[in-house]
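Protein chains in written order, with this note's numbering: chain A, 21 to 400; chain B, 4 to 167. Note that beta-carbon positions come from the ideal geometry of N, C-alpha and C, so glycine has one too. Note sheet for the following structure.
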Amino acid sequence: MEGVVLALFLCLILALITKYLSVPAIPFYILAGVLLGKAGLGLVSSDEISHFFSQMGLIFLLFFMGLGLKTERIAANRSSVLTSGIIDLNVNMMIGFVAAYLLGFSIPESLIVASAFYISSTAMALTSLIENRKLMLREAETVVWLMVFEDLILIIVLALISAGNQNLIIFLLKILGVLAVLYAFAHYGKEFLISILDRDDELPILFTFAAVLTTASFSMYLGIPETMMVIALGVAFATTDPDAFEQHARPFKDVFLVVFFVFFGVTIDFSGGVNWYMITVICLLAIVSKLISGILTGLFIHGSALSGLEIWGNTIARGEFSIAIAVLYGSPLVGTTIAAMVIVTSIIGSFTAKYSTALRRGILSLGRKKSPPHRVHMSR
Amino acid sequence: MSAMSLRSLNLPGVGTKYEFETDKGDTVAIFFTKTGTIQMYTLQKGCNTPSAAEMTPVEARRLGNILTGAIIEADQESVEIAFSALADLRVTIHSFLIPKAITGKTIEDLQIRAKTGATVIAVCRHDRNIVNPPPSFIFETGDAALVIGESDQIRMFEREIMVD
């Protein structure tokens, strides 16, 4: 218990500092965990309490993500979501997988590294768009939908990895069964749900907490991925009053997620040896491969490679979902690699997001100087 | 005049966007973000980089008042509302800082209604609001009064009461 308190206190200070400097807090939470844990001073070790808190953090993160996935809106924007999403998925999954495999990971491990490598941090991308006042850029919309697409892929990845060697048909039937129950509940119980959410007492928050926990533990009992089911619960509840659910789930998500990040850092173990060569390669590739997918997306959607640069600048940062994949399925070596990738990309990403517009302008004026008669194609 | 097309769009995880192009080809976009702030972007025709301002909800409302053509002074502001369904009834609500001259007097003493036709509907004192103050209400220094009436009545209030 003291460990959790110490970690939380350190994170509180880090949160204050990172908010003040407006840099992402996630890499510093992980570094704090590394410093306190096995690989560092050894002051904090994970116990049952921290494990429970971390799990809550993950579950509420995914529930929150589900609340944001409004299916009818995705269907309305299908073409723009699909083109950019498919480019992003193919380029990054492929580069991530090939790199991990060539570096000596087994095929299943390479798949896990590739998934973590592919998925950008939604939280950091959206915060950077808002904080750097980029919402009006047309690339901003592309980035937002890209994040939605990545979330959808994450659901599929979670299902695929956790299917493992179960009987697939029974596994799918169980999932479909729970999904049907969740949707029926949200559909036929809509009035009931809204009447609960409208109350001023402790009921709405208690109900939200209980619903998420019940779904998670019931899924575990059935042997289907609880991660996927809490996302499904979020999607189902989003058809009633998503804003109210977000409001009631936010305190749990905010607190437990910090514990989740710190204790991910705490459990990182360098005793098995750290392959710095491997880590450096993965980190560099993580930045380069998003540049390739960003430029391709820019060319396909906006007809401009410079737009791609803007997309790249805002999607470099890997974060919460990469760590979630590492925690759920990663071996220690995979975990360390993903941790390093998240720390490096999120710190570099916060700079590229801040200066991408200046970078764009620099390249434009450079292009003009080199070839004065040639008009640089201005987008918009 | 071409019809102004206002586009609204919901961006998942970010908030709601409203965007329109002016007659002259400039673009204005407003975002109500999930973090509770409001961002306004303006993009001049032919320009590539928009400029942005971030506002709190209070600041945004203030900007809204200015844009609707209401008068805003340092600490005093006024809003005119037109009800087109009620024979184009126009009501003005104006805030005034109470000057030293009338502190210690009641609404009844000042004969506000009889002299001007306007009504004091609220008084803000030390960040607390007193709505519908009674005639016996005594003004203090630092009070801000919210007065409602037609624009003539408000002008009368400013001339008759505020200088008293």
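Item                                                                                                                            : Value
Cα-Cα separation between residue 133/B and residue 148/B, rounded to whole angstroms                                            : 9 angstroms
Alpha-carbon spacing of residue 350/A relative to residue 388/A, whole angstroms                                                : 48 angstroms
Residue 58/A at chain B interface by Cβ criterion, 8 angstroms                                                                  : no
Residues in the stretch 121-139 of chain B having any Cβ partner in chain A nearer than 7 angstroms                             : none
Per-residue burial, residue 330/A [other beta carbons within 10 Å of its own, 16 or more giving buried]                         : buried
Proximal residues of chain B, C-beta to C-beta of residue 62/A below 7 angstroms                                                : Simply none; closest approach about 38 angstroms.
Coil, strand or helix - residue 129/B by DSSP                                                                                   : coil
Nearest-angstrom Cα separation, counted from residue 220/A out to residue 107/A                                                 : 46 angstroms
Cβ pair residue 35/B, residue 49/B closer than 8 angstroms                                                                      : no
Within 8 angstroms, strictly: CB atoms of residue 44/B and residue 156/A                                                        : yes
Residue-chain proximity (residue 155/A, chain B), Cβ-Cβ < 8 angstroms                                                           : yes
Contact list for residue 62/B against chain A, beta-carbon separation under 7 angstroms                                         : Going along chain A, no residue has its Cβ under 7 angstroms from residue 62/B, so there is no contact; the nearest lies around 15 angstroms.
Whole-Å CB distance - residue 173/A paired with residue 109/A, under 8 angstroms assumed                                        : 6 angstroms
Where residue 150/A falls: helix, strand or coil (DSSP)                                                                         : helix
Cα-Cα separation between residue 196/A and residue 56/A, rounded to whole angstroms                                             : 42 angstroms
Neighbour flag for residue 90/A against chain B, beta carbons, 8 angstroms                                                      : yes
Start-to-end residues for the beta strand (DSSP E) that takes in residue 114/B                                                  : Here residue 114/B belongs to no beta strand (DSSP E), and DSSP marks it neither H nor E.
Coil, strand or helix - residue 165/B by DSSP                                                                                   : coil
is_contact[residue 149/A, chain B] using C-beta, thresh 8 angstroms                                                             : yes
Partners in chain B for residue 377/A, counting only beta-carbon separations shorter than 8 angstroms                           : 52
Environment of residue 152/B [buried if 16+ CB atoms lie within 10 Å]                                                           : buried
Nearest neighbour of residue 217/A, chosen from 243/A, 191/A and 262/A [CA to CA]                                               : 262/A
First through last residue of the beta strand (DSSP E) which encompasses residue 61/A                                           : No beta strand (DSSP E) contains residue 61/A, which DSSP labels as neither H nor E.
Where residue 47/B falls: helix, strand or coil (DSSP)                                                                          : coil
Where the beta strand (DSSP E) through residue 123/A begins and ends                                                            : Premise fails: residue 123/A is in no beta strand (DSSP E) and is neither H nor E.
8 angstroms Cβ cutoff met for residue 178/A and residue 160/A                                                                   : no
Spatially closest choice to residue 7/A from 58/A, 125/A and 132/A, by CA coordinates                                           : Outside the modelled stretch of chain A, which goes from 21 to 400, sits residue 7/A, for which no answer is possible.
Where the beta strand (DSSP E) containing residue 24/B begins and where it ends                                                 : 18-24
Contact with chain B by residue 388/A, beta-carbon distance below 8 angstroms                                                   : no
Boundaries (first-last residue) of the alpha helix (DSSP H) holding residue 64/B                                                : 60-70
For residue 140/B, the three-state DSSP class (helix, strand or coil)                                                           : coil
Counted within 10 angstroms of its Cβ, other Cβ atoms place residue 154/A as buried (16 or more) or exposed                     : buried
Same chain, Cβ closer than 6 angstroms to residue 315/A, five either side skipped, listed in chain order                        : 325 and 328
Where the alpha helix (DSSP H) containing residue 268/A begins and where it ends                                                : 262-287
Spatial neighbours of residue 77/B in its chain, beta-carbon cut-off 8 angstroms, leaving aside the 5 residues before and after : In this prediction, residue 77/B scores a pLDDT of 49, lower than 50, which makes its location untrustworthy; no coordinate-derived value is stated.
Residue 215/A versus 135/A, 260/A, 246/A and 117/A, residue with shortest Cα-Cα distance                                        : 260/A
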